[in-house]
Amino acid sequence: MPVGFYYLGLFYCAAIWGATFYLVKDALSSVDPVVLVGYRFLLAALCLTPWMVPGTKWPFSSIWYLVPSGWGILKEAAVLAFWLTLLYITQTIGLRYTSASNSGFITGLFVLFVPLILRFLFGQPVLAIQWAAVGLAVLGLWILTGGIREFNLGDGLTILSALAYASHLLMTDRYVRRDLDIPSLSFHQFWMTGLFCLTLAGISGSSFGISSAKGAWVILFLALFPTLTAFFIQMTAQKYIAPLKVSLIFSLEPVFAAMFAWTLGAEEFRLIGVLGGGLIVTAMVLTEFARYRNVRINN
Numbered sequence: 009m010p011v012g013f014y015y016l017g018l019f020y021c022a023a024i025w026g027a028t029f030y031l032v033k034d035a036l037s038s039v040d041p042v043v044l045v046g047y048r049f050l051l052a053a054l055c056l057t058p059w060m061v062p063g064t065k066w067p068f069s070s071i072w073y074l075v076p077s078g079w080g081i082l083k084e085a086a087v088l089a090f091w092l093t094l095l096y097i098t099q100t101i102g103l104r105y106t107s108a109s110n111s112g113f114i115t116g117l118f119v120l121f122v123p124l125i126l127r128f129l130f131g132q133p134v135l136a137i138q139w140a141a142v143g144l145a146v147l148g149l150w151i152l153t154g155g156i157r158e159f160n161l162g163d164g165l166t167i168l169s170a171l172a173y174a175s176h177l178l179m180t181d182r183y184v185r186r187d188l189d190i191p192s193l194s195f196h197q198f199w200m201t202g203l204f205c206l207t208l209a210g211i212s213g214s215s216f217g218i219s220s221a222k223g224a225w226v227i228l229f230l231a232l233f234p235t236l237t238a239f240f241i242q243m244t245a246q247k248y249i250a251p252l253k254v255s256l257i258f259s260l261e262p263v264f265a266a267m268f269a270w271t272l273g274a275e276e277f278r279l280i281g282v283l284g285g286g287l288i289v290t291a292m293v294l295t296e297f298a299r300y301r302n303v304r305i306n307n
């Protein structure tokens with residue numbers, strides 16, 4: 009398949025993930041946030057179940073097959089499921105307290121967390137321009153959230169979500185380059201994430217009901233498009249596209265999130281939000297260009 013299709017797929021991921029913020033915020037009036045995440049991922053896993061039969065052909069390609077050894081990647085899937093659970097629980101609960109556009113922009117901080125994680129866990133140096141980008145992002149976050157006085161629980165949870173996002177991206181890149189079976193890896197991390205979430209919901213005494221048909225339709229949409237198709241495309245594309253370029257394309261996610269929130273989500277358009285969010289996106293792009301330039305020089 010031409011590499012251009014993988015780039016197109018990554019743009020689709022950024023757009024469809026951006027669309028989820030206002031949809032999820034709207035759905036939270038009819039379903040518990042942790043239960044919503046659990047249903048979303050279990051339903052996505054259920055959709056993949058027919059292709060868990062050994063030798064069954066994946067419908068989008070004549071060369072991808074699911075193999076019996078798929079159960080041998082449970083360890084890797086569990087690691088990814090842990091980060092997915094942390095990512096989506098914190099992000100979804102955070103949407104109860106912050107706006108969809110703010111959530112999208114703050115989630116975009118994951119791009120800045122990537123080099124910091126590489127520095128502190130793997131010893132890779134952080135460039136001066138990347139530190140400058142971190143400062144720019146902090147300024148953008150300050151403007152976006154209104155400073156310490158207006159910084160709320162949702163904003164804090166979404167920062168934690170961005171950290172989990174960066175960790176999931178790095179671990180996904182590490183695993184897919186081992187040539188692991190992508191449909192199997194997707195299936196196992198999905199059902200594990202769903203199980204983790206519903207277990208946590210049960211322990212906390214959350215209601216498992218959905219009080220409106222609209223909430224059920226949102227969960228179905230989330231399972232099929234932002235989860236099933238987008239994560240599969242992401243993992244497939246990361247086999248052929250460097251994580252630096254993947255992160256750069258994903259930096260468009262908060263832009264899409266704000267656009268959907270301000271239009272379809274009928275959220276109030278604020279110039280201060282544009283300024284703060286714009287600084288964060290600028291910092292994201294600076295970070296990725298700095299990493300890309302550094303890799304080219306080292307090679």
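Convert by adding 8 to the 1-based position in the sequence shown; the result is the number in this note's numbering.
Using N, Cα and C, we set each Cβ at its ideal position, and we do this for glycine too.
Predicted model, so just to flag it, every value in this text is computed and none were measured.
By the beta-carbon neighbour count (other beta carbons within 10 angstroms, threshold 16), L88 is buried. The Cβ-Cβ distance between L228 and C55 does not fall below 8 Å. Shown here, R182 sits in a helix according to DSSP, grouped into three states. In this structure, the alpha-carbon of N110 lies about 13 Å from that of T28. Measuring C-alpha to C-alpha distances from G213 to each of A231, V42, E276 identifies V42 as the nearest. Here V184 is buried: its Cβ has 16 or more other Cβ atoms, across all protein chains shown, within 10 Å. If one requires a minimum length of 4 residues, the alpha helix (DSSP H) runs lying completely within the stretch 91 to 125 are 108 to 115, in chain order. Between G46 and the set G162, M60, F121, G210, the nearest pair of CA atoms involves G210. Comparing alpha-carbon positions, the option among S107, N160, Y173 lying closest to G273 turns out to be S107. Going by DSSP, T153 is part of the alpha helix (DSSP H) stretching over 136 to 153. Between M179 and W91, the C-beta spacing is below 8 Å. Cβ-Cβ distances below 6 Å link G284 to G148, I151, L152 in the same chain, with the five nearest sequence neighbours on each side left out; the list follows chain order. For G281, the closest of G155, G131, V11 by C-alpha to C-alpha distance is G155. For V45, the uninterrupted alpha helix (DSSP H) segment begins and ends at 41 to 56. With contacts defined as CB atoms closer than 8 Å, L50 and G202 qualify as a contacting pair. A residue is called buried once 16 or more other Cβ atoms fall within 10 Å of its Cβ, and W225, having fewer, is exposed.
I125 sits close to S175, with the two beta carbons spaced by under 8 Å. Collapsing the DSSP output to three states places E158 in a helix. For I218, there is no enclosing alpha helix (DSSP H), as DSSP marks it with neither H nor E. Closest in alpha carbon position to V119, among W270, A266, M267, I257, is I257. Counting only residues of its own chain and dropping the five nearest sequence neighbours on each side, Q132 has a CB closer than 8 Å to the CB of P123, L126. The criterion of a C-beta distance shorter than 8 Å is satisfied by A238 and W25. Put simply, the backbone Cα of I167 is about 27 Å away from that of F216.
By the CB criterion at 8 Å, I81 and L177 fall outside the cutoff. Between the beta-carbon of L287 and that of L144 there is about 6 Å, and that keeps the pair under the 8 Å contact cut. Listed in chain order, the non-local C-beta contacts of L260 below 6 Å within the same chain comprise A22, local neighbours out to five positions each way being set aside.
By the C-beta density criterion, P234 is buried, having at least 16 other C-beta atoms within 10 angstroms.
DSSP places L208 in the uninterrupted alpha helix (DSSP H) bounded by 190 to 212.
Ranked by Cα distance from L165, the first of E158, R157, L103, Q138 is L103.
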